[in-house]
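>
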Amino acid sequence: MTPKTTTRLGASAAALLLISGTVFAAPDAQSAELLAATVKAIQSSTSHQVIIDVVSKGTVAAPEGPRQIERRISFDLATAQPNKFRRLSMMDGVVAEARVSNGTELTTYLIDLGMYEVVPAPASLKALTSADPMADLSLLPAMLGTDKSDQLISMGDDQVYAGEVTVDGNKARRIDFKTKEGAAYFLLSPADPPRLDRIVMGEGESVTTTYSFKWADSAPADTAFVFQAPEGAKKVASLNEELQKMQEPQDAAVALQGKPAPPVKLTSLQGESVDIASHVGKDVVVLDFWASWCGPCRRALPVIDKLTKEYKDKGVAVYTVNIEDPVDVVQSFLKANKLDVEVLLDKDSAVARAYLASSIPQTVLIDKKGNVVKVHVGISEDYEKELRTELDSLIGATP
């Protein structure tokens, strides 16, 4: 599978670094007192369980005009002193990464890649969270006493206590402040000590980002810090080295662009023989390589399904090429995910090898002349939009 979805997670989160990147002027006394009590309660606890949902919604500028966005990142976090830690990172509800310390070993599992590495666990939560690439986005360093522990207390200009409010039927204490991106506010519970329930950034601006915190009342069980390798997961010495190795075949696949498409003669899921050469001079062809075990493929296939229906009468032939899954597995997968796509069975991966599809999903666009014009490896943030733009251009081209 491809590391692009991991990059996508980082790209979506980039706009959320407002919180970790700037420290502003001192707040008023009442807001400072409330936030100090909130942070102290978090830092004095020996364990935590919290789910943090981060949602960015609004309008962003794009070359074709303003575009609506809604991006969601979630963190399922658990900690226990001195150095037990679990973080699940999810993009649009799909887990992309797991990072677990049992106090002795720290395991990082990239679910999209099906690989994990195990290294000695750092001796403290401070060391664990400071080295965690997603720590700033989850605000964990600010909560656990690292060098950024005063962020919540001194975040923003003109920080003032705005009083008690009711949000979604629940009472909360609101603290308003300003950043260079616009108005923002905290919502704290009315309990004593207060609990951090929500942070809203960019209120009234083109893009608003909301952090919502769902705290568990009980301490995490010991099993929360046990990593159980899923069936088929591969243990590697270094995830960074594996990612570097994977980049080379991805570059090779992209190099197919501008060249004649390799032959594709396969049997469909219905038992019919399909030869994409029959489309030369008539249709644009889309090939999407996938497998049932591939996490990013589960996100790409609904897009392919949608485009299949929209472009079926516009001279576009869309085929999904399944790599080595048994027929019954393919059928069950399509049914479970409510997909209605044309599936070609690449039982020995011969076609996948011809298209250098060692990282999936891989989507290949072939023009009416039978040449490869675009190869998408992985599923990017703008995957659907890019495919539409490319297909519209190819449809209008002269064979």
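FYI, the working numbering numbers position 247 of the sequence shown as 1418, with every residue one higher than the one before it.
Note that the Cβ used here is the ideal one computed from N, Cα and C, for glycine as well.
1. Flag this pair as touching only if the segment 1498-1507 and the segment 1530-1537 have three or more C-beta atom pairs under 8 Å; answer yes or no.
2. In the DSSP assignment, the alpha helix (DSSP H) including Gln1252 goes from what residue to what residue?
3. If we call anything under 8 Å between Cβ atoms a contact, is Thr1279 one with Ala1292?
4. Is Lys1483 helix, strand or coil when you go by DSSP?
5. Report the CB separation of Tyr1526 from Val1514 in whole angstroms; it is logged as a contact under 8 Å.
6. Anyone know if the C-beta pair for Val1407 and Glu1288 falls short of 8 Å?
7. Is the separation between the beta-carbon of Pro1365 and that of Thr1250 shorter than 8 Å?
8. In three-state terms, what does DSSP make of Arg1366?
9. Which whole-angstrom value is the C-beta distance of Arg1243 and Asp1224, which I expect to be below 8 Å?
10. What do you get for Ser1202, buried or exposed, if any count of 16 or more other CB atoms within 10 angstroms of its CB means buried?
11. Applying the 10 Å Cβ sphere with the 16-neighbour rule, what's the burial state of Ala1432?
12. Less than 7 Å between C-beta atoms, sequence neighbours within five positions excluded: which residues of the same chain meet that for Glu1555?
13. Tell me which same chain residues have a C-beta within less than 7 Å of the C-beta of Asp1511, skipping the five on either side of it?
14. Just the C-alpha distance for Thr1317 and Leu1248, rounded to the nearest angstrom, thanks.
15. Using the Cβ count rule (16 or more neighbours within 10 Å means buried), how would you classify Pro1401?
16. Measure the CB-CB distance between Val1371 and Ser1227 and report whether it falls below 8 Å.
17. List, from N- to C-terminal side, the beta strand (DSSP E) runs of 3 residues or more that fit wholly inside the segment 1449-1512.
18. Could you give the DSSP three-state label for Val1194: helix, strand or coil?
19. Over the uninterrupted alpha helix (DSSP H) stretch that includes Tyr1554, give me the two end residues.
20. Just the Cα atoms here: how many angstroms apart are Glu1218 and Ala1395?
On the basis of the data shown:
1. no
2. Counting along the chain, Gln1252 falls outside any alpha helix (DSSP H), and DSSP gives it neither H nor E.
3. no
4. Three-state DSSP puts Lys1483 in coil, outside helix and strand.
5. Going by Cβ atoms, the distance from Tyr1526 to Val1514 rounds to 16 Å, so no, they are not a contact pair.
6. yes
7. No. Outside cutoff.
8. DSSP places Arg1366 in coil when its eight states are reduced to three.
9. Between Arg1243 and Asp1224, the beta carbon gap of about 7 Å places them in contact (Cβ cut-off 8 Å).
10. Burial call: buried.
11. It counts as buried.
12. Val1474
13. Asp1476
14. Low local confidence applies: a pLDDT of 46 at Thr1317 is under 50, so the model's placement there is unreliable, and no value is given.
15. exposed
16. no
17. 1455-1461 and 1487-1494
18. Low confidence applies to Val1194: its pLDDT is 36, below 50, so where it sits in the model is not reliable enough to give any reading.
19. Tyr1554 to Ile1566
20. It is worth fixing the name first, because residue 1218 is Ser in this sequence and not Glu. If you take the alpha carbons of Ser1218 and Ala1395, they lie about 12 Å apart.
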